[in-house]
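Student:
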Amino acid sequence: FQYLIIEIIMAEPTFWYHTIPVCLICALYLASFYLYLCATNSLIYSTVCLLRANESFCHDIDRNKTLRIQEEAIQREASQWSLYGTICFSVIAAIVSPIYGSLSDIKNRKFPILLTLSNAIITGIFVTVGSVFQGKKLALILYLVANIINGFGGGTLLLISSCFGYATDLCSRKEEHVQKIAIVEASLNIGVIGGYLLCTFIFDVHGKIWHILLVHIILLVLAVLIALIFLRKNTYVFNNVEQTDTLSFGQKLARPFRDIYDLIRELKQSNLVYSFLLLLTALFFYELLRMGTSAINYLYLHHLSFSDGEYSLYYMVEQTATSLCLLLLATVRKRLLINDMHLAIIGLCLSLVGPLLFALAYNKAMVYGAIPSTMFTIYFAVCLRNVLSNMVSESGKGKAFSFVALIQNLDVVIGSVACIEIYRSTISTFPGLVFIFGISARLVALVLVLCYSLPVIENRSSLIHEDVAAHNYKHVNQLISNKLASPTNETQTQTQNQMQLQMMNEYHITQLSKDLLASQRSLPKFEMPKNFNVSQIESNLKRFGVNSLELDKHVEGLPLELDGKVNKDFHREIFLGNHELFENEMMNNEDVRKRKLTQIFRTADTDDDNKLSKKELQNWVLKNIETHTNEARDKNSRLFLLIDANKDGILKSLRCGKI
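Numbering follows the UniProt record's numbering, with no gaps: position 595 of the sequence shown is 595.
#1: Grab the span of the alpha helix (DSSP H) containing residue 281 for me, first residue to last.
#2: Quick check on residue 320 - is its C-beta less than 7 Å from some C-beta in chain C?
#3: Under the three-state reduction of DSSP, which class applies to residue 50: helix, strand or coil?
#4: Do you know offhand how far residue 194's Cα is from residue 31's?
#5: Cα-Cα, which of 307, 185, 221 is closest to residue 324?
#6: Can you grab the Cα-Cα spacing for the pair residue 617 / residue 604, in whole Å?
#7: Are there 16 or more other CB atoms within 10 angstroms of the CB of residue 631, so buried, or fewer, so exposed?
#8: In terms of alpha-carbon separation, which member of 41, 71, 294, 227 lies closest to residue 130?
#9: Once DSSP output is grouped into helix, strand and coil, what is the label at residue 372?
#10: If I measure Cβ to Cβ from residue 443 and keep anything under 8 Å in the same chain, skipping five residues before and after, which residues do I get?
#11: Would you tell me roughly how many angstroms separate the C-alpha atoms of residue 464 and residue 271, rounded to the nearest one?
#12: Quick check on residue 431: does DSSP put it in helix, strand or coil?
#13: From residue 161 to residue 54, what distance separates their C-alpha atoms?
#14: Just curious, the alpha helix (DSSP H) that residue 140 is in, first and last residue?
#15: With a threshold of 8 Å, are at least 3 pairs of Cβ atoms found where one atom belongs to the stretch 271-284 and the other to the stretch 443-452?
#16: In the structure shown, what three-state DSSP assignment does residue 316 receive?
#17: Nearest to residue 343 by CA position, among 366, 309, 321, 382, is which residue?
#18: Going straight from the alpha carbon of residue 410 to that of residue 89, what length do you get?
#19: DSSP state of residue 195, grouped into three classes?
#20: In three-state terms, what does DSSP make of residue 606?
#21: Residue 377 by DSSP, collapsed to three states: which one?
#22: Are the beta-carbon atoms of residue 151 and residue 47 separated by less than 7 Å?
#23: Distance check for residue 117 and residue 20, CA to CA, integer angstroms please.
#24: Do you know how far the Cα of residue 400 is from the Cα of residue 263?
#25: Taking contact to mean 3 or more Cβ pairs, one atom from each stretch, closer than 8 Å, check whether the stretch 311-329 and the stretch 74-83 are in contact.
#26: Residue 433 to residue 298, Cα distance in whole Å?
#27: When you compare the stretch 424-438 with the stretch 357-366, are there three or more beta-carbon pairs, one atom per stretch, that lie closer than 8 Å?
#28: So, under 8 Å CB-CB, residue 191 and residue 27 are touching, yes? Tell me the CB distance rounded to an integer number of Å.
#29: Once the 5 residues before and after residue 25 are set aside, which same chain residues still bring their CB inside 7 Å of it?
#30: Going by C-alpha to C-alpha distance, which of 309, 22, 371, 621 sits closest to residue 159?
#31: Residue 349: which of 623, 373, 201 sits nearest, CA to CA?
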C-alpha cells in the first residue's frame with residue numbers, strides 16, 4: 001500500500017490535472033446525496049406525524065413507550081411514501097441509465113456527469129420548497145415530483161460510473177489505472193463521511209430541514225462549476241467520430257441492447273456465460289437487503305429511539321470503518337496474494353452477522369455492535385466486481401459493469417417493495433423480520449458463490465466441452481486475425497491514431513496518405529498449422545513454468561514475417577514480451593531471471609490465484625502478439641515516410657534504388 005501512495009505522490013502533473021476535478025465532483029456529489037437522504041427521511045417522517053398530531057407530540061413519540069401504537073401507524077404511512085418515492089426514481093433511472101452510459105461511451109463522459117448534477121440541483125430545489133410546507137401533504141407530493149425529475153438524471157450509479165470512466169480513459173499503463181481507481185474510491189468515501197458529518201452537525205445545532213437541503217444545493221452547484229471549468233468534452237474519442245455522428249437517435253437508443261448481445265456472445269465464446277450469470281445472480285440476492293433498506297434503516301432506528309443526529313452519527317462511524325477496511329483490503333490483497341473469490345466469501349459470511357444483530361437489537365449498543373461486521377461487507381461487492389471484470393476483455397468491461405448497474409437498479413425496486421411491505425406488516429410484532437429476510441437472501445448468494453467455487457463445477461464444465469483446447473485455440477486465432485485486420489476497440493484505435501499523429505509531427509506533414517493508412521491494416525492472418533497437436537498443447541500448458549521457457553517446449557510458433565520465414569524469437573516474444581531488453585541480463589544472473597519471470601507471471605495472473613488458467617494464458621499471448629505487431633507496423637510506417645521524400649504516398653523503383 002505504501003508503494004501505491006508513493007507512486008501516486010510522484011505522479012506527473014497531467015495525472016493530477018485529470019484526476020483531481022473528478023475526485024472533487026465525486027466527493028461533493030456523495031456528500032450532497034447523503035445530506036439529501038437524511039433530509040428527505042426526516043421530512044417524510046415528520047410530515048406524516050404532523051398530519052396526525054402536533055409538534056410536541058411528534059417530538060416525544062420516539063421516547064414515550066405509551067405512544068407505541070401511534071408510532072407504528074406513523075411508521076407504516078411514512079414507509080409507504082418512501083416506497084412511492086423510490087419507485088418514482090428507480091424505474092425511470094433503470095431505463096435511462098444504460099442509454100446515457102452508451103452515449104457516454106461513444107461521445108463523451110462529461111455529458112452524463114453534468115446531466116446528473118443538474119437534475120440533482122432541480123430535485124433539491126423541489127424538495128427545499130416542499131420542506132417549507134412541512135406538515136402538509138403538499139410536501140410529500142413535491143417529494144414525489146422531485147424523485148421523478150431525479151430519475152431522468154440517472155442517479156448516483158450513472159455519475160459514479162461516468163467519473164470512473166473519465167478518470168481512467170487516458171490511462172496508458174495498468175499501474176496508472178489502479179492508482180486513479182484508488183484515488184476516486186477514496187474521494188467517494190470522503191464524500192459519504194463528509195455528508196453524514198455535516199448532517200450530524202446541523203441536527204445537533206437544531207437546524208431545520210431546509211438548512212440541510214440548502215447545503216445540499218450549494219455542494220451540487222460547486223460540483224457543476226468544477227465540471228464546466230475543468231472537465232474536457234472528449235477524453236478518449238479520437239476515432240469513429242464521423243461514424244457515431246451519422247447514427248440516428250433510434251440507433252443510439254438501441255446501442256445498449258446491442259452491447260448486451262455482444263457481451264453475451266463474447267462470454268459464450270469463452271465458455272463463461274453460465275459462470276458470469278451465476279455470479280451476477282449472487283450479486284442480485286446480496287444487494288437486495290442493502291438497496292432495499294435505505295429508507296427502512298431510518299424508521300427502524302427511530303423505533304429504537306435514535307434521534308436524527310444519532311442516526312447520522314451512526315452511519316458516519318460505519319462509513320469511516322468501511323473506508324479503513326478498503327485500505328486494509330488494498331494492502332492485504334497484494335501482500336498476501338489472497339484470491340478475490342476467497343475474500344468475497346469472507347465478506348459475504350461476515351455480512352450475515354450485522355443484519356442478525358439489527359434484527360435482535362433492543363438497545364443502541366447492539367446496533368453499534370453490528371459495525372465490525374458491516375464494515376467488512378464491502379469486500380464481497382468489490383471483489384466480485386473484479387472477478388466479473390476479469391471474465392471479459394478490456395473492451396467488454398464497460399458492458400459488464402452496465403450489467404452490474406442494471407442489477408443494482410432492479411435491487412432498488414424489488415428490494416424496496418419487499419423490505420417495506422415486510423416492515424409494514426410486522427412492525428407491531430417483530431420489526432426486525434425484514435433483516436432476517438435479508439439474511440436469507442444473502443444465504444442464497446453464498447450458496448451460488450460456493451457453487452461457482454467448487455472444483456466439481458469446473459470438472460463438469462470440462463466434461464461438457466471436450467474439445468475446449470481446440471476451441472480456445474480457434475477462438476484466439478480468430479481474435480488475433482480480427483484484431484490484426486483492423487483495430488476494433490477504442491484502446492487499439494486510440495494507440496494507432498496517437499502513432500499517426502506522432503509520425504505527422506515528426507515529418508511535418510498534415511495528413512497521411514490513404515495508401516499508407518491502408519498498408520497499416522494489410523497484415524496477414526494467422527493460419528492453424530496442418531500438424532496442430534491439441535494433446536501436445538494441453539500438455540505444454542500444464543507444464544508451463546520457468547523450466548518450460550526453452551526453444552523446443554513452447555506452443556508452436558506462428559509465421560509472422562512477410563518473407564515467409566518464421567521469426568525464431570517469436571515464440572519467446574509472445575510469452576516474455578520484448579525479451580531483448582532483458583534477455584542478456586537474465587541469462588547471466590539467476591536471481592534476475594527468477595525475479596523477471598515472477599513479475600511476468602504475476603502480470604499474466606489477473607485473478608491473483610497463483611496459477612495461470614487457459615484464458616489468462618491466451619489473453620497474455622494475445623496482448624504480446626498485438627504489441628509485437630504494432631511495433632512492427634510502426635517501424636514499417638516510419639521507414640515508408642523516410643523513403644517517400646516527396647510525401648506523395650508512392651514509392652517508385654528509382655527512389656528505392658537510391659536507398
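For glycine and all other residues, C-beta sits at the position ideal for the given N, C-alpha and C.
Tutor: So, from the data block:
#1: From DSSP, the alpha helix (DSSP H) with residue 281 extends over 273-292.
#2: Absent from the structure: chain C. Only one protein chain is present.
#3: Correct three-state label for residue 50: helix.
#4: Computed Cα separation, rounded: 6 Å.
#5: Nearest C-alpha to residue 324: 185.
#6: Residue 617 and residue 604: Cα-Cα distance of roughly 7 Å.
#7: By the 10 Å Cβ count, residue 631 comes out exposed.
#8: Nearest option by C-alpha distance: 41.
#9: Residue state for residue 372 is assigned as helix, using DSSP reduced to three classes.
#10: Here the set comprises 352.
#11: Unreliable placement is indicated for residue 464, whose pLDDT of 36 sits below 50; no coordinate value is reported for it.
#12: Per DSSP, reduced to three states, the secondary structure at residue 431 is coil, with no helix or strand assignment.
#13: Each residue's alpha carbon lies about 44 Å from the other.
#14: Residues 137-151.
#15: With the cut-off at 8 Å, the stretch 271-284 and the stretch 443-452 touch.
#16: Three-state DSSP puts residue 316 in a helix.
#17: For residue 343, the nearest C-alpha among the options comes from 382.
#18: When only Cα atoms are considered, residue 410 and residue 89 end up about 12 Å apart.
#19: The DSSP-derived three-state label of residue 195 is helix.
#20: Of the three classes helix, strand and coil, the one that applies to residue 606 here is coil, per DSSP.
#21: In the structure shown, residue 377 adopts coil according to DSSP, grouped into three states.
#22: Their beta carbons are not under 7 Å apart, which means residue 151 does not touch residue 47 by this criterion.
#23: Annotation: residue 20 to residue 117 spans about 17 Å, alpha carbon to alpha carbon.
#24: Between the C-alpha atoms of residue 263 and residue 400 there is a straight-line separation of about 7 Å.
#25: Too few Cβ pairs lie closer than 8 Å, so no.
#26: So the two alpha carbons sit approximately 16 Å from each other.
#27: Verdict: yes, contact present.
#28: With a Cβ gap of about 4 Å, residue 191 and residue 27 count as contacting.
#29: In the same chain as residue 25, and ignoring 5 residues on each side of it, the C-beta atoms closer than 7 Å to its own belong to 113, 163, 223, 226, 227, in chain order.
#30: The residue with the shortest Cα to Cα distance from residue 159 is 22.
#31: Selected option, being the one with the closest Cα: 373.
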